[in-house]
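In this note's numbering, the protein residues as written are 91 to 821.
(1) Can you give me the start and stop residues for the beta strand (DSSP E) that residue 183 sits inside?
(2) Do residue 269 and residue 304 have their C-beta atoms within less than 7 Å of each other?
(3) Within the continuous beta strand (DSSP E) that includes residue 266, where are the two ends?
(4) So if DSSP puts residue 550 in a beta bridge, which residue, or which two residues, is it bridged to?
(5) Apart from the five residues just before and just after residue 161, which ones in its own chain have a Cβ nearer than 7 Å to its Cβ?
(6) Straight-line CA distance for residue 408 to residue 400?
(7) Residue 698 by DSSP, collapsed to three states: which one?
(8) Mind checking which residues open and close the alpha helix (DSSP H) that includes residue 348?
(9) By the three-class DSSP mapping on this structure, what secondary structure does residue 730 have?
(10) Residue 173: which of 190, 267, 230, 223 sits nearest, CA to CA?
(11) By how many angstroms is the C-alpha of residue 368 removed from the C-alpha of residue 485?
(12) Unbroken alpha helix (DSSP H) runs of length 4 or more, entirely within the stretch 568-652: which are they?
(13) How big is the Cα-Cα spacing for residue 444 and residue 581?
(14) With a CB to CB cut of under 8 Å and the five nearest residues on each side skipped, what residues in its chain are close to residue 352?
(15) DSSP puts residue 820 in a beta bridge; with which residues?
(16) For residue 565, collect the residues of the same chain with a Cβ closer than 6 Å to its Cβ; drop the 5 residues on either side in sequence, then sort them by chain order.
(17) Note down, in chain order, each residue of its chain lying with its Cβ closer than 8 Å to the Cβ of residue 688, except the 5 sequence neighbours on either side.
(18) Using DSSP's beta-bridge definition, name the partner residues of residue 748.
(19) Comparing alpha-carbon positions, which option in 749, 803, 175 lies nearest residue 158?
(20) Inspect the beta-carbon positions of residue 810 and residue 632 and report whether they are closer than 7 Å.
(21) By a C-beta neighbour count over all protein chains shown, 10 Å radius and 16 as the cutoff for buried, is residue 703 buried or exposed?
(22) Apply the 10 Å Cβ neighbour rule to residue 741 and answer buried if 16 or more other Cβ atoms are within range, or exposed otherwise.
(23) Just to confirm, are residue 734 and residue 761 a CB contact at a threshold of 7 Å?
(24) Using 8 Å as the Cβ pair cut-off and three pairs as the minimum, do the stretch 618-637 and the stretch 689-700 touch?
(25) DSSP three-state call for residue 678: helix, strand or coil?
(26) Rounded to the nearest angstrom, what separates residue 373 and residue 265 at their Cα positions?
(27) Under 8 Å by Cβ, that's how I've got residue 518 and residue 573 pegged, so tell me the actual separation to the nearest angstrom.
(28) Within the same chain, show all residues whose beta-carbon is closer than 6 Å to that of residue 458, passing over the 5 residues directly before and after it, in chain order.
(29) Given a cut-off of 7 Å, decide if residue 423 and residue 524 are closer than it, judged by their beta-carbon atoms.
(30) Along the chain, where does the beta strand (DSSP E) containing residue 477 start, and where does it finish?
(31) Can you give the beta carbon distance from residue 618 to residue 678, rounded, assuming they're within the 8 Å contact cut?
(32) What residue from 758, 700, 765, 699 has the CA that sits closest to residue 727's CA?
(33) Mind checking residue 119: buried by the 16 CB within 10 Å criterion, or exposed?
(34) Using a threshold of 7 Å, state whether the C-beta atoms of residue 283 and residue 235 are closer than that.
(35) Spatial neighbours of residue 238 within its chain, please: C-beta separation below 7 Å, excluding the five flanking residues on both sides.
(36) Touching or not, the stretch 195-203 and the stretch 216-227, by the rule of three or more beta carbon pairs under 8 Å?
Below you can see the structure in the form of structure tokens.
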């Protein structure tokens, strides 16, 4: 029994391993099939997805910045350019591969501290802030943007010397430069660090200036080295188009020079602005605001802001003031125009045949006008007596214009407010344009109509007034003002020109002629006599608006509106001074002379012929020739032949290297030219005296005593001067 039992047991034991092996085999087959299925799924079903995921983890995408288009003035002078610079970034995770003991935190940290020190020294950065970026958990941190090549070259040399190869990226970038710093700053506007336009022309034409960035995508190893890959892609950047402005940088410079001088001399608490427009085309030749700012450092306050306590403000208030500094107030901000607005009701009355220019005694002024329960006084307290429309506009008589407004009536008055575009934006190609504030027509009563008639208790932008005045100067035809002359695509060469956009015929040519003739008399015989320009017929209108009762702190606004020449008008100029606190606040006294200074230089520069029979330069004036590179003896002979005197301590055979006055300057005969040579360069400085309110002869003697030459325009008492009193100049 035992044997039999033992035999059966052995058989069972022999069968069991075979069964186990079979089960194991089946399990292995199942696992193998499962693995094949998984491989098939990964390869054929999720293969593309996983490939893309792999690339998303190892791909390096390098942006190739498009070069922002250049902004030129009307003569092709570059006002805003983009130069090639660099941006330095780091991949913090990869920095550890620069050391052999990458798992030793102390070694890695020491390397990062050394790198942070170098970054902070080269790029003038805060060490602690840089070190924090190197220890960041972010994939990428920017160390320095818009870096010049010399600094990047210094970094590369240091990296080579210290065997730093991983985690630091140096990419091409572009930076915006403004060669002329403050010139037309509020018009050109600001460009951000990402080459995005933030204000002005930079913002208005951002879509055409910025272009489209390109990129290179490449697979990289953890050591930041490129892996050869057929999937590398290159997308070329499309550079931005160039924008040519209607602005003439020379006219702009002249306007800015005299605007700055006027604001400072008259202590204008809220600055000023000036616009010069070609009325037939709508082209803006100059548009300036003062105080201005440096386009190359737009986040730094100007001196006026610092003087007014900018450094003591909170960060929020500082930011508000920087944004306010950027504002192009000639287009964005509104003001009460005062008597410059009187050309609007005057032209409306002529066009509607309500009156004529020379109806004797049509208006009467005894120094005040009673309207309802309000007495409105004239600036001339004793009154102007009986006047025609021409005389009323020459005298800028408020009572006369109140009476004119009553003749016109509310409905017709508002018809011309609409027709001149005062209820709409001008359409100028600049961002965030402001617009007027008028009473609703149905709410205008006798007092409101009266104050509107002489330009107060409503607000408009300077640009709105210039557009309306340009229509009057342009035979009654209104055109849209613009600052872009043409746009050129750098890739295709295609040119898009800005054509003159004629909007409407606001008044007839006959009314236009009558208005210009009366404006001429304002300058010839009325309150605008300080705006005269020798050799040219100038038309104009003075403006002095009183402080708004709701904002008395704003003070007066003094302005002068000019057309030049009166016949075949080529220029409309509006100068506005806000809050003057000097000796006078009247537009005819402080704004008109500045417009005269501007036009005296601009009209000849633009080769606009004189409308007058008189020559623009009197016989006793001499233009200084270029005397450099001549011997002293040769220069002396030329100077004597011009009726001038000379001073020099050099000998006759020495070569003239410089002269004072400069080539092209104009002085009166008997003036003095100082000659300098390489051995004779000692210069004597003199301070320009204050010549205002003295006669020409006295001014000449004052300057002669200081060995300074004189050149003048006009006759009688000095009303303005350049350079300003206190300026240091060479003898």
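Cβ coordinates follow ideal geometry from the N, Cα and C atoms, glycine included.
Taking the geometry as given:
(1) Following the DSSP letters along the chain, one finds residue 183 in no beta strand (DSSP E), marked with neither H nor E.
(2) Taking 7 Å as the cut-off, the beta carbon of residue 269 is found no closer than this to the beta carbon of residue 304.
(3) Per DSSP, residue 266 belongs to the beta strand (DSSP E) from 258-267.
(4) For residue 550, which the question treats as bridged, DSSP gives the partners 425.
(5) These residues qualify, in order along the chain: 169, 170, 278, 291, 333, 335.
(6) Residue 408 and residue 400: Cα-Cα distance of roughly 7 Å.
(7) It is coil, neither helix nor strand.
(8) Annotation: the continuous alpha helix (DSSP H) that includes residue 348 extends over 339-355.
(9) Correct three-state label for residue 730: helix.
(10) In terms of CA proximity to residue 173, 267 leads the group 190, 267, 230, 223.
(11) Approximately 27 Å between the Cα atoms of the pair.
(12) Fully enclosed alpha helix (DSSP H) runs of 4 or longer: 599-614.
(13) The straight-line gap from Cα to Cα measures roughly 58 Å.
(14) Within the same chain, Cβ atoms closer than 8 Å to the Cβ of residue 352 are found at 358, 362, 665, 667, 680, 681, 684, the five residues on either side in sequence being excluded.
(15) Note: residue 820 sits in a beta bridge opposite 775.
(16) Around residue 565, the same chain offers 599, 602 as residues with beta carbons nearer than 6 Å, after the five sequence neighbours per side are excluded.
(17) So the qualifying residues of the chain are 344, 345, 348, 364, 366, 663, 665.
(18) For residue 748, the pairing in a beta bridge is given by DSSP as 766.
(19) Residue 158 has its Cα closest to that of 175, out of 749, 803, 175.
(20) In this structure, residue 810 keeps its C-beta atom at 7 Å or more from the C-beta atom of residue 632.
(21) Here the model assigns residue 703 a pLDDT of 34, short of 50, so the residue's position is not dependable and the matter cannot be decided.
(22) In this structure residue 741 is exposed. Its beta-carbon is surrounded by fewer than 16 other beta-carbon atoms within 10 angstroms.
(23) Yes, the Cβ-Cβ distance between residue 734 and residue 761 is below 7 Å.
(24) Yes: the two stretches touch, three or more of their Cβ pairs being nearer than 8 Å.
(25) Under the three-state reduction of DSSP, residue 678 is assigned to helix.
(26) If I take the Cα positions, the gap works out to 29 Å.
(27) By a beta-carbon distance limit of 8 Å, residue 518 contacts residue 573. Their separation comes to about 7 Å.
(28) Excluding residues within five positions, the ones whose Cβ falls inside 6 Å are 465, 467.
(29) Yes, these two residues count as a Cβ contact at 7 Å.
(30) Element bounds for residue 477: 475-477.
(31) With a beta-carbon spacing of about 6 Å, residue 618 and residue 678 fall inside the 8 Å limit used to define contacts.
(32) Ranking 758, 700, 765, 699 by CA distance to the CA of residue 727 puts 765 first.
(33) Exposed: under 16 other Cβ atoms inside 10 Å.
(34) In this structure, residue 235 lies closer than 7 Å to residue 283 by Cβ.
(35) Listed in chain order, the non-local C-beta contacts of residue 238 below 7 Å within the same chain comprise 175, local neighbours out to five positions each way being set aside.
(36) Touching, per the Cβ criterion.
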